[in-house]
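Residue numbers (this note's numbering): 830 to 1208. All C-beta atoms in this analysis are idealised placements derived from N, C-alpha and C, irrespective of residue type, glycine included. A quick note: this is a predicted structure, and the numbers were derived from the prediction, not measured.
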Amino acid sequence: MAGSGLVNAQVETVVDLDAIAHNMRILRAHAGDAAVMAVVKADGYNHGAVEVGRAALAAGAAGLGVTTVGEGLALRRAGITAPILCWLNNSDADFAAAVAADIEIGVSSLSHLRAVERAARTAGGPATVSLKVDTGLNRNGIAPTEYPVVLAALEPLVRAGTLRLRAIFSHLAHADEPEHPFLDVQRDRFLTAIATAKTHGLEPELVHLANSAATLTRPDLVFDMVRPGIAMYGLSPVADDFGLRPAMTLQAQVALVKRVAAGEGVSYGHQWTAPRDTTVALIPAGYADGVFRPLSNRFEVWLGGARRRNIGRVCMDQFVVDLGDNAAGVTEGDTAVLFGPEGPHPQEWADLLDTIHYEVVCAPKGRVVRRHTGTAPRL
Ligand SMILES: Cc1ncc(COP(=O)(O)O)c(C=O)c1O
């Protein structure tokens, strides 16, 4: 299981916390005077939320962003005391636990607001909320039609001290296209939403809009705080890499090296037939571990000082690479890098799979064991 701490894993992700710290410093430089919230949802984009969160905070992040109350509580249980915002919960989430743990709750509807109000009354203390306004992503966030109703309901609760309004924030639809005109539309709608809150007597402590892409490319959208995720993990959401360092390596130990005779087929369905006598290496990682089956016959690993091509189908637990005459002398136990700073970039998988590198780093699962390295301070 990822993160289970097993030793001698056949397949592992190695997460370099020095890279996280380095990337955080780059993001802070782009943020200027704005604070940086490190987004560690989805277990830190599969890098380990607790370890990444600590590294990010030690490198100057002001707080952490997650999706659910449960993710926030897990960070608190690990001893993280920094501000935490969670922004996507159903109305029946355990908001009382969030209030008790001082986790800020992103509100996306009147129903959420009422649920948080009930939790604050149960907990007997104020709940900290942020309004997530929908400025055109049309996904999570308060719909424009509901926004005035939410503001009207919120104002007396803030005045009575039942709720504390920490922030108004929103999320961008086209941040990875820095020239896209809709960025300006969302900025203007965001400013209008802030002004409308003020007409209801509501003054947030801060406002924030930018994810990684906007932090790196649109200084006009930085506001009081930025919320980068993917760039902190070292993957750029746009063409320029800004000197970011990918933090994750996916690697496996060669399970077997053997000869295959010319004319023999390899793996299920014999999708590849040896054109000559050759040597192959068996890599004990498959689609159950996050190596997507559509990569079959199309991707390469770094092994024995060179790139080696996958031959035949990726199976549930294994795939095969061609070593040719194996002049490098690859043997059982050698390390094959599937992606990472020393091997193919996750973007190569993304290109082959018609997806984004976000999904690639989120893919390792199942038997993959996670390990953290680096000497950067960790709070
Ligand atoms: C509300 C919100 N803010 C910030 C982020 C971070 O985005 P990115 O990883 O593109 O920086 C996300 C991720 O999807 C998000 O949902």
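Proximity below 8 angstroms, CB of residue i to CB of residue j
{"i": "A911", "j": "S959", "result": "no"}
{"i": "T951", "j": "I934", "result": "no"}
{"i": "L1031", "j": "V987", "result": "yes"}
{"i": "L994", "j": "A949", "result": "no"}
{"i": "A1060", "j": "L917", "result": "no"}
{"i": "G892", "j": "A930", "result": "no"}
{"i": "V840", "j": "A1024", "result": "no"}
{"i": "Y1062", "j": "H876", "result": "yes"}
{"i": "A888", "j": "V962", "result": "no"}
{"i": "D1106", "j": "A1117", "result": "no"}
{"i": "A884", "j": "M1054", "result": "no"}
{"i": "A1076", "j": "D845", "result": "yes"}
{"i": "V1067", "j": "T1046", "result": "yes"}
{"i": "T1028", "j": "P1170", "result": "no"}
{"i": "G1119", "j": "D1163", "result": "no"}
{"i": "M866", "j": "A850", "result": "no"}
{"i": "A1026", "j": "L1064", "result": "no"}
Residue i to residue j span [Cα, whole Å]
{"i": "L1012", "j": "S940", "result": "28 angstroms"}
{"i": "A982", "j": "D923", "result": "21 angstroms"}
{"i": "A1165", "j": "V1130", "result": "6 angstroms"}
{"i": "G1195", "j": "V843", "result": "15 angstroms"}
{"i": "G861", "j": "P1048", "result": "9 angstroms"}
{"i": "V945", "j": "H1037", "result": "21 angstroms"}
{"i": "V1159", "j": "L1085", "result": "10 angstroms"}
{"i": "R872", "j": "R1138", "result": "It is worth fixing the name first, because residue 872 is Asp in this sequence and not Arg. Using only the alpha carbons, I get a separation of about 31 angstroms."}
{"i": "G908", "j": "V898", "result": "16 angstroms"}
{"i": "V1188", "j": "D1005", "result": "A quick correction: the sequence has Glu, not Val, at residue 1188. Going by the C-alpha atoms only, they are around 15 angstroms apart."}
{"i": "N967", "j": "R1136", "result": "43 angstroms"}
{"i": "W1178", "j": "P973", "result": "38 angstroms"}
{"i": "P985", "j": "P977", "result": "13 angstroms"}
{"i": "D847", "j": "I1112", "result": "28 angstroms"}
{"i": "S1041", "j": "D1154", "result": "45 angstroms"}
{"i": "H1009", "j": "A926", "result": "40 angstroms"}
{"i": "Y854", "j": "G1072", "result": "Checking the displayed sequence, the identity of residue 854 turns out to be Arg instead of Tyr. The straight-line gap from Cα to Cα measures roughly 11 angstroms."}
{"i": "H1201", "j": "E975", "result": "44 angstroms"}
{"i": "E852", "j": "P1057", "result": "Per the sequence presented here, residue 852 reads as Asn, with Glu not at that position. Near 10 angstroms, if we compare the C-alpha coordinates of P1057 and N852."}
{"i": "S920", "j": "H1000", "result": "20 angstroms"}
{"i": "D1180", "j": "R947", "result": "47 angstroms"}
{"i": "V1083", "j": "E1161", "result": "5 angstroms"}
{"i": "D1069", "j": "H1174", "result": "14 angstroms"}
{"i": "C915", "j": "L1152", "result": "48 angstroms"}
{"i": "Q1080", "j": "D1183", "result": "22 angstroms"}
{"i": "L786", "j": "A1205", "result": "Because the chain here runs from 830 to 1208, residue 786 falls outside it and cannot be looked at."}
{"i": "V928", "j": "D1146", "result": "43 angstroms"}
Check: residue i C-beta below 7 angstroms from any heavy atom of ligand 1
{"i": "G1072", "result": "no"}
{"i": "V936", "result": "no"}
{"i": "G901", "result": "no"}
{"i": "N967", "result": "no"}
{"i": "N875", "result": "no"}
{"i": "N919", "result": "no"}
{"i": "P1010", "result": "no"}
{"i": "S1041", "result": "yes"}
{"i": "R1294", "result": "Here the chain comprises residues numbered 830 to 1208, so residue 1294 is not present and cannot be evaluated."}
{"i": "R1018", "result": "no"}
{"i": "H1000", "result": "yes"}
{"i": "P1007", "result": "no"}
{"i": "R1056", "result": "yes"}
{"i": "G894", "result": "yes"}
{"i": "A1022", "result": "no"}
{"i": "V1109", "result": "no"}
Beta carbon proximity, residue i to chain C, threshold 8 angstroms
{"i": "R1200", "result": "As a matter of chain content, chain C is missing from the structure shown, which is built from one protein chain."}
Residues near residue i by beta carbon distance below 8 angstroms, same chain, minus five either side
{"i": "V1095", "result": "V1089, W1101, T1102, A1103, V1109, I1140, G1141 and V1149"}
{"i": "L904", "result": "V869, A878, V879, G882, L893, V895 and I913"}
{"i": "R1207", "result": "L846, E880, R883, A884 and A887"}
Own chain residues within Cβ distance below 6 angstroms of residue i, not counting five before or after
{"i": "N969", "result": "L917 and S937"}
{"i": "G1172", "result": "W1131 and V1166"}
{"i": "L835", "result": "Because the pLDDT of L835 is 37, which lies under 50, any placement of that residue in the model is unreliable, and the number read from its coordinates should be weighed accordingly. Within the same chain, L835 has close Cβ partners V1198."}
{"i": "R1122", "result": "Y1116 and V1143"}
Neighbourhood of residue i by C-beta distance below 7 angstroms, restricted to the same chain and skipping five residues each side
{"i": "G1098", "result": "R1142"}
{"i": "Q1176", "result": "H1186"}
{"i": "G965", "result": "A1002, F1011, V1014, Q1015 and R1018"}
{"i": "P955", "result": "A949, G990, T991, L992 and R993"}
{"i": "H1051", "result": "Looking at the sequence provided, one finds Val at residue 1051 rather than His. A860, G861, A863, A1039 and T1044, listed in sequence order."}
{"i": "M830", "result": "Caution is warranted here: a pLDDT of 36 is assigned to M830, below 50, making its placement in the model unreliable, and no coordinate value can be reported."}
{"i": "A1157", "result": "G1133, G1134 and A1135"}
{"i": "C1144", "result": "S1096, Y1097 and G1115"}
Identity of the residues DSSP links to residue i by a beta bridge
{"i": "Q1082", "result": "T1164"}
{"i": "S959", "result": "G935 and A996"}
{"i": "K1194", "result": "Bridge partners of K1194: none, in fact."}
{"i": "N1139", "result": "V1150"}
{"i": "D845", "result": "T1202"}
{"i": "E1129", "result": "R1138"}
Heavy atom of ligand 2 within 7 angstroms of residue i beta-carbon
{"i": "H1099", "result": "Among the ligands in the structure shown, ligand 2 does not appear; only ligand 1 can be found there."}
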